[in-house]
Amino acid sequence: MSKLQSPLLSAAALAVLLSLSSAGQAAPSSEPIQPIPAAKAGSPATVELGKMLFFDPRLSKSGFISCNSCHNLSMGGSDNLKSSIGHGWQKGPINSPTVLNSRFNLAQFWDGRAKDLKEQAGGPIANPGEMAFSHEHTVTALKTIPGYVSAFQKAFGSPEVSIDRVTQAIAAFEETLVTPDSRFDKWLKGDKKALNTQELAGYKLFKESGCVACHNGPAVGGNSFQKMGVVEDYKASSPAEGRVAVTGKDADRFNFKVPTLRNVELTYPYFHDGAAATLPEAVDTMGRLQLGKKFTATENASIVAFLRTLTGKQPNFALPQLPPSADATPRPTPFEN
Ligand code: HEC
Ligand code: HEC
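Now the structure itself:
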């Protein structure tokens, strides 16, 4: 047992070190989790353009799939499916993580292959299994739509449409997708009545069992890569191998970005393969595989009750009205591969 736990302890120590080294943004606190800071407000015109692009299915070959299709902002920024559905109803390879609070991630994607939100945003548009378009097609289409040309003018000071500007605007919008004021954050800020006895007991267990070694910081995750299956192997229902795909290092096999647990009650199903349908199941698996602990039903229920207090204020804005296509805009081809 102690032999099995040693890699965990070093992972734990590493996670704490990592969170300390990136703690510059938060005031020192005795808690391993900090409140979600308010949204970083970029230029309003850029954010507005990014919002339009996020909701616009014309960024896809089918004219049917937008970023919001798989990161539905009415459903916690995810699609609540085991794996996403892409162009031509293709089954995606991996569960769609939430876009909420993604600005706190140390890198984007489960394996961290995009360094930031801007780099990430270019991926799905050109991915044949997602939006199946090309960057050139996207730019060509947007250029023909007068409403977009003026939105680019407002956002960037000139009407040039480029993929660089598209991804910059989407990233600026995503920076605003934070969810402050959860009940847990109210408690962290001193409102001792914000949590009930069961939720507090759950938080205590979450800390004392060692969940916080990997799930810490403002996003309760997102700030390190850790092995899935520390004490016991995880039998994944998909072929994804995690961080090794990026680094090529065998030690990174089955290391995944620790997901944020903010709004986790909204972002089911869980894990990179979406194999855990419910929170009690996910908590049970984490306890056994990561910590070698079998929680009782009462312990499991209190951790789940704590996790539900992490749901914050969801983004709330008027739906963007998208400018109509012009006569010259290329038409979507939903039924072609
Ligand atoms: C067909 C479904 C689908 C579409 C459309 C889609 N995504 Fe995703 N998104 C995913 C999946 C699946 C992943 C995880 C992929 C991986 O990690 O390998 C992901 C990952 C992300 C992440 C990283 C989150 C994290 O925690 O690592 C961000 C941010 C994101 N998408 C934003 C966008 C934006 C912006 C668009 C539109 C330009 C978009 N997505 C379109 C399914 C989709
Ligand atoms: C050694 C690091 C580590 C420890 C300790 C740990 N986790 Fe995790 N947790 C992860 C990783 C990595 C994932 C993603 C694994 C995957 O998808 O394959 C994850 C995923 C989750 C998820 C699913 C989130 C989602 O959106 O898919 C939940 C819920 C969760 N952990 C809760 C807990 C709880 C509760 C504990 C304590 C009992 C805990 N974790 C302990 C690293 C850890």
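When we follow this note's numbering, the leftmost residue of the sequence shown carries the number 2, and every step to the right adds one. All residues carry an ideal CB built from backbone N, CA and C; glycine is no exception. Please read these numbers as outputs of a predicted model, since none were measured by experiment.
Buried/exposed call for residue i, threshold 16 Cβ in 10 Å
{"i": "Gly158", "result": "exposed"}
{"i": "Asp253", "result": "buried"}
{"i": "Asn338", "result": "exposed"}
{"i": "Asn317", "result": "exposed"}
{"i": "Gly43", "result": "buried"}
{"i": "Pro36", "result": "buried"}
{"i": "Arg184", "result": "buried"}
{"i": "Glu200", "result": "buried"}
{"i": "Asp192", "result": "exposed"}
{"i": "Leu18", "result": "Only weak support exists for where Leu18 lies, its pLDDT of 44 falling under 50; the value from the coordinates is given anyway. It counts as exposed."}
{"i": "Arg166", "result": "buried"}
{"i": "Ala319", "result": "exposed"}
Expected contact under 8 Å - CB spacing of residue i and residue j to nearest Å
{"i": "Thr198", "j": "Glu266", "result": "The pair is not a contact, with the Cβ atoms about 19 Å apart (cut-off 8 Å)."}
{"i": "Ala176", "j": "Lys62", "result": "According to the sequence provided, residue 176 is Glu. The question's Ala does not apply to it. Contact doesn't hold; Cβ gap of about 27 Å is too wide."}
{"i": "Ile146", "j": "Thr297", "result": "So it is not a contact: roughly 58 Å between Cβ atoms."}
{"i": "Lys258", "j": "Trp111", "result": "6 Å"}
{"i": "Pro335", "j": "Phe65", "result": "6 Å"}
{"i": "Arg244", "j": "Gly113", "result": "6 Å"}
{"i": "Ala202", "j": "Ser303", "result": "4 Å"}
{"i": "Ile164", "j": "Val140", "result": "6 Å"}
{"i": "Pro219", "j": "Lys314", "result": "In fact, because the Cβ distance is near 14 Å, the residues do not count as touching under 8 Å."}
{"i": "Phe255", "j": "Gly230", "result": "6 Å"}
{"i": "Ser239", "j": "Ile95", "result": "6 Å"}
{"i": "Leu60", "j": "Met132", "result": "6 Å"}
The beta strand (DSSP E) enclosing residue i, as first and last residue numbers
{"i": "Gln121", "result": "Looking at the DSSP string, Gln121 is not in any beta strand (DSSP E); the run it does join, the alpha helix (DSSP H), is 118-127."}
Run of the alpha helix (DSSP H) containing residue i, from where it starts to where it stops
{"i": "Asn69", "result": "68-71"}
{"i": "Gln227", "result": "No alpha helix (DSSP H) holds Gln227; the beta strand (DSSP E) holding it covers 226-228."}
{"i": "Phe257", "result": "Segment 256-258 is the beta strand (DSSP E) holding Phe257; no alpha helix (DSSP H) there."}
{"i": "Thr168", "result": "164-176"}
{"i": "Met53", "result": "45-56"}
{"i": "Ile304", "result": "298-309"}
{"i": "Trp188", "result": "184-189"}
{"i": "Thr139", "result": "136-144"}
{"i": "Ser200", "result": "Looking at the sequence shown, residue 200 is not Ser but Glu. Its alpha helix (DSSP H) spans residues 198-210."}
{"i": "Gln109", "result": "That residue, Gln109, is in no alpha helix (DSSP H); it is neither H nor E in DSSP."}
{"i": "Lys155", "result": "147-157"}
Cβ neighbours of residue i in the same chain (closer than 8 Å, five flanking residues each side left out)
{"i": "Glu120", "result": "Gln109, Thr168"}
{"i": "Ala152", "result": "Ala46, Glu49, Leu50, Met53, Pro324"}
{"i": "Ala246", "result": "Asp112, Arg114"}
{"i": "Leu21", "result": "Annotation note: pLDDT 43 at Leu21 (below 50); position unreliable, no value reported."}
{"i": "Asn130", "result": "The sequence given here has Gly at residue 130, not Asn. Correct list, in chain order: Gly87, His88, Gln91, Gly93, Pro94."}
{"i": "Gln154", "result": "Pro160"}
Cβ-based neighbour list, residue i, same chain, cut-off 6 Å, excluding 5 preceding and 5 following
{"i": "Ala104", "result": "Before going on, a small fix: residue 104 reads as Arg here, not Ala. Result list for Arg104: Glu176, in chain order."}
{"i": "Phe56", "result": "Ser67, Asn69, Pro321"}
{"i": "Ala278", "result": "Pro270"}
{"i": "Thr99", "result": "Gly77, Gly78, Ser79, Thr268"}
{"i": "Lys83", "result": "Pro270, Gly275"}
{"i": "Tyr204", "result": "Phe307"}
{"i": "Leu107", "result": "Asn224"}
{"i": "Cys71", "result": "Asp80, Ser85, Ser97"}
Cβ-based neighbour list, residue i, same chain, cut-off 7 Å, excluding 5 preceding and 5 following
{"i": "Leu342", "result": "A query on residue 342 cannot be resolved here, the shown segment of the chain reaching from 2 to 338 and no further."}
{"i": "Met76", "result": "Leu267"}
{"i": "Thr248", "result": "none"}
{"i": "Asn301", "result": "Pro281, Val284, Asp285"}
{"i": "Ala170", "result": "Thr47, Leu50, Gly51, Leu54, Ala156"}
{"i": "Phe207", "result": "Val213, Ile304, Phe307"}
{"i": "Gln26", "result": "The pLDDT assigned to Gln26 is 44, lower than 50, so where the model puts this residue is not dependable, and the model offers no usable value."}
{"i": "Ala195", "result": "Arg184, Lys187, Trp188"}
{"i": "Ala361", "result": "Because the chain in this structure spans residues 2 to 338, residue 361 falls outside the shown range and cannot be described."}
Neighbour flag for residue i against chain D, beta carbons, 7 Å
{"i": "Pro38", "result": "The structure shown contains no chain D, having only a single protein chain."}
Query - 4-residue-minimum alpha helix (DSSP H) runs that sit fully inside the segment 231-282, ordered along the chain - result: With a minimum length of 4 residues, the continuous alpha helix (DSSP H) runs that stay inside the segment 231-282 are 245-248.
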